[in-house]
Each structure stands twice: as structure tokens, then as C-alpha cells.
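Asks: Order-wise, the sequence lines are chains F and Y. In terms of my numbering, the first sequence has 9 at position 9, counting the first letter as 1, and numbering is strictly consecutive. In terms of my numbering, the second sequence has 186 at position 186, counting the first letter as 1, and numbering is strictly consecutive.
2 protein chains.
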Amino acid sequence: MSTIQPTTRTKIRRKPDRAAYERAAIEAILDEGLICQVAFVADGKPYLIPTAYARDGRWLYLHGARSNRMLRAIIGGETCISVTLLDGLVLARSVLHHSMNYRSVVIFGQGEEVTDAEQKSHALRYVVEHIIPGRWADARQPSDQEFTATLVVRVPLDECSAKVRTGPAVDEEDDLRLPVWAGVIPTKQSWLPPEPDALLMQPVEVPAYAAAYSRPAKPA
Amino acid sequence: MSTIQPTTRTKIRRKPDRAAYERAAIEAILDEGLICQVAFVADGKPYLIPTAYARDGRWLYLHGARSNRMLRAIIGGETCISVTLLDGLVLARSVLHHSMNYRSVVIFGQGEEVTDAEQKSHALRYVVEHIIPGRWADARQPSDQEFTATLVVRVPLDECSAKVRTGPAVDEEDDLRLPVWAGVIPTKQSWLPPEPDALLMQPVEVPAYAAAYSRPAKPA
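(1) State the DSSP-derived secondary structure class of Ile29 (chain Y), mapped to helix, strand or coil.
(2) In terms of DSSP beta bridges, what is Thr244 (chain F) paired with?
(3) Against chain F, does Val105 (chain Y) count as a neighbour if the rule is that its beta carbon must be under 8 Å from one of theirs?
(4) Cβ of Gln202 (chain Y) less than 8 Å from any chain F Cβ?
(5) What residues in the stretch 146 to 171 of chain Y bring their beta carbon closer than 7 Å to a beta carbon of chain F?
(6) Could you tell me whether the Cβ atoms of Leu91 (chain Y) and Ala210 (chain F) are closer together than 8 Å?
(7) Can you check DSSP and say which residues form a bridge with Asp56 (chain Y)?
(8) For the alpha helix (DSSP H) containing Leu71 (chain Y), name the first residue and the last one.
(9) Does Val114 (chain Y) come within less than 8 Å of chain F when only Cβ atoms are used?
(10) Is there a Cβ of chain F sitting closer than 8 Å to that of Glu32 (chain Y), yes or no?
(11) Rounded to the nearest angstrom, what separates Ala73 (chain F) and Pro203 (chain Y) at their Cα positions?
(12) Listing by chain order, which chain F residues have their CB less than 8 Å from the CB of Tyr213 (chain Y)?
(13) Taking DSSP's pairing of strands, which residues face Lys163 (chain F) in a bridge?
(14) How should Lys243 (chain Y) be labelled, buried or exposed, when 16 other C-beta atoms within 10 angstroms of its C-beta is the threshold for buried?
(15) In this structure, what does DSSP give as the bridge partners for Ile221 (chain Y)?
(16) Tell me which same chain residues have a C-beta within less than 8 Å of the C-beta of Tyr213 (chain Y), skipping the five on either side of it?
(17) Asn68 (chain Y) versus chain F: which residues are under 8 Å apart at the beta carbon?
(18) Determine, for Ser121 (chain F), whether the minimum Cβ-Cβ distance to residues of chain Y falls below 8 Å.
(19) Can you list, in chain order, the residues of its chain whose CB lies under 6 Å from that of Gly109 (chain F), leaving out five sequence neighbours each side?
(20) Shorter than 8 Å from the beta carbon of Ser2 (chain Y) to some beta carbon of chain F?
(21) On a Cα-Cα basis, can you pick out the residue from Y:Val41, Y:Ala65, Y:Glu27 that is closest to Arg14 (chain F)?
(22) Classify Ile131 (chain F) as helix, strand or coil using the three-state DSSP reduction.
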């Protein structure tokens, strides 16, 4: 099993028993998530932008308009990116032992622009397919103008780690006898029936990938 | 309606039609969310940590162990905090017009430690009640030792804004005639039946706040 060597930045110090450095564990979280948070520094201050992404092997792709300030900041600049999935609320017998079950990944690195046209097209396809597998081939492809106006940035998945909490509350021994309910309220992202666009000009069947949507969804 | 004056940091430049500066809109997003992302700068580099929070009036509360590096970094130090709620996937007729419906808040500011015992206790109660209203009074209260070992930090909601996307795809006029399905796949956080702790020593009924859990959940 491939493991990523933790660095001073990715080594989990708080609750180290929750750390996961196996590449497979990290990739599974990234492949299930839909939104990442991208942090960068400008004028010495922190900034944070949520955005879509996709993982392709050992790269994370981001995209946006060519003028996108966040993307421009992380090209050759340091970024920290996180993806967090919430799995449940953990009710302990004492108030300060309450917790959440979650899976999160944090990535450190520098972005680089994907300039090669073929690689850029591949990356854009991956971003769409990460979100809705099967969609890329069904919709209109980018025009030359759209393609040029879009900036694609990739960040290597070299310095990253996952943190995962699962299972029940961890209470103090003495608290176990308290007449306080304890347990977990599990949560998941639910997907509702697709709502067709009001401007559809002709009857078009809802594609299977939309009608039966769920996560994770692997690029085709 | 109370509106927050945008600053150079909070003014939405990309897609300004999605900006919301009304305090009520910002508060509603914060009150529905469960996890915030906290960015800070250390040695000139960006860091990002997901954590629980609560809003109380014009403050955002964070808490953790006294040694928590993120909390210590933002006491008197700059932070950028975001809360992002995903509402749906937007399928457009062209691949690059795909989008997501979401509501997000971004907050800039400096943290300050809550040292006053009464305010600190209030803040901790708010964090628990933000997540599970009604829970604080049911569970064991903090011991002096637990209370002392816990660090509470608040960040003012002075410099913040929301960004909200709703509604259908925005396609090019020429694309509307394409025989491509378009629409929205709505999503929501679902809450499953609570799972009682295996170590419950006596029959304790599942509290109503756990049995019928949903968001948003207002502190009692």
C-alpha cells in the first residue's frame, strides 16, 4: 500500500490516531468530495475560496476564469487546500467530549498552470467528469474562445494527509454510568430528483447519470 | 435591513451578482452550517483547518485544546474563515457553463481569546447548542480542569460577506436549441436515525433533539 511520507506540515499532531497517510485513503476522500477550500496568502494575509476540483492520479485540478485571483495567486505560490466530508455528530455523556465523525484531507503545495492544450482539455474533462461522470461527452464542447479564457491549475498530491474520525463517543470512564443518552447521528449528502430546465425546447430524457446521481462518482 | 459595508477583502469581484452583504443572509448561512474552514498564515505560508463553530450575535466562536496551534495562531493574528453549503449541481448545455448552487460566507478578522469565565462558559454552551440545540443541559457540565484546558476564541463578524448561487443554468443563447438535457440536481444534508452507544448502561430514551435532528438548529 502506497503511503505518503508526512512532513512537518502534514503530520497530524492533534489526535494523531486519526491520521491517515495511505494514498488510497486520501484519494477516496478527494474522489467523494465536490468542493475544496483553497487558502493562499496575499500581502501577508490569509484568503480562502471554495471551488470545484478533480483528482487525476497524483494531481488536483482547479479551474476558473483567466483573471481568477485565487488561481493566479497559487501559480508558483504556496497554497493549502482542504476537502472535508461530514459523516455524523457524536453525542458524548459530557458536553466537552462531543465530537463529529468526518473525513478530511489537507494538501500543501504550489500550483502550476496547465498550458499544454491537450493536458488542459483533459483536466477540464476531469473536473466535469469528477462531478458528473458521463456528462462531458453529452454537452457542447468548449469553443476556442471559452478554452482560451479558462485557466487550469494543477497542484501535486505530494504533501498531503487525511484525518478521519469514526465510531462512538469517547467518554471518561466515570461518565459511563451517567443516565445520559449517547450515540451518533449519522449524516449523508442526499441527492434529490433532477429538476429539468424551464427553457428546454424539446423533450429530452433525463440522463441516467443525473436521474440516479450519487457520490462518489468516478470519472469515466 | 442591516447591511455590512464591503471592504476590499469582502467585496465580491467574480460574479458580483451573487454577492450578499445583508447581515441576515450571512447569519442564516452561518447558523445552518456545522463546519467552518479556518485559514491562517505561519512562516508566510497558508494553513487550513476544518473545525466546529457557533455564531452568537456578531461573533463567531471557535474552541479547542489550549495547545491548539490554529487557535493560537489567530489570537491577535489574521484569519480568513469560510462556511460553504452545497445546494445543487447545475447542468448546462455546454461543458464550461456547468456550475453549482451554493451559499458561502467568508469572514476576515483577528481572533481574540475569551478569558472571562462566564463569557467562556456561554461560548462553549453556544458551540454545543449550535450543533445540537437542547444538548448542553442534558450532558455532564465541564469540570474545572476541562474548562481550563479548553481555549475559546472569538472572531468578530465585522468584515464578512456571502456569495450565493441559485437557480438554473445560464447558457449561451445559441445553445438553448441543442438537444442536451439541462437542469439542476438538488442536494441536501440528510440525517439518519441516531445510533445509540453500545456502552449505554441503562435504557435511556433517545432525546427528541437527536431523534428528529435537522438543520438549521437554533441555540435554545
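Beta carbons: idealized from backbone N, C-alpha and C, even for Gly.
Replies: According to the data block:
(1) DSSP places Ile29 (chain Y) within a helical segment (H, G or I) once states are collapsed to three.
(2) With chain F covering 1 to 220 only, the question about residue 244 (chain F) has no answer from this structure.
(3) Not one chain F Cβ lies under 8 Å of Val105 (chain Y).
(4) Yes, Gln202 (chain Y) counts as interfacial toward chain F.
(5) Taking 7 Å as the upper bound on Cβ-Cβ separation, chain F lies near residues Glu146, Thr150, Pro168, Ala169 of the stretch 146 to 171 of chain Y.
(6) It is a contact, given that the beta carbons lie within the stated cut-off.
(7) Its beta-bridge partners are Y:Trp59.
(8) First-last of the alpha helix (DSSP H) with Leu71 (chain Y): 69 to 74.
(9) Closer than 8 Å: no.
(10) It does not: the Cβ of Glu32 (chain Y) has no partner Cβ on chain F nearer than 8 Å.
(11) Looking at the two C-alpha atoms, the distance is approximately 56 Å.
(12) By Cβ distance, chain F contributes Leu89, Ile185.
(13) DSSP lists F:Ala19, F:Ser104 as the beta-bridge partner residues of Lys163 (chain F).
(14) No answer is possible for residue 243 (chain Y): the residues shown for chain Y start at 1 and end at 220.
(15) Only positions 1 to 220 of chain Y appear in the structure, and residue 221 (chain Y) is not among them; the question remains open.
(16) Here the set comprises Ile132, Trp191, Pro194.
(17) The contact set of Asn68 (chain Y) on chain F, defined by CB atoms closer than 8 Å, consists of Arg14 in chain order.
(18) So, not an interface residue.
(19) Here the set comprises Val155, Pro156, Glu159.
(20) Using a CB distance cut-off of 8 Å, Ser2 (chain Y) does not count as an interface residue toward chain F.
(21) Answer by Cα proximity: Y:Ala65.
(22) DSSP places Ile131 (chain F) in helix when its eight states are reduced to three.
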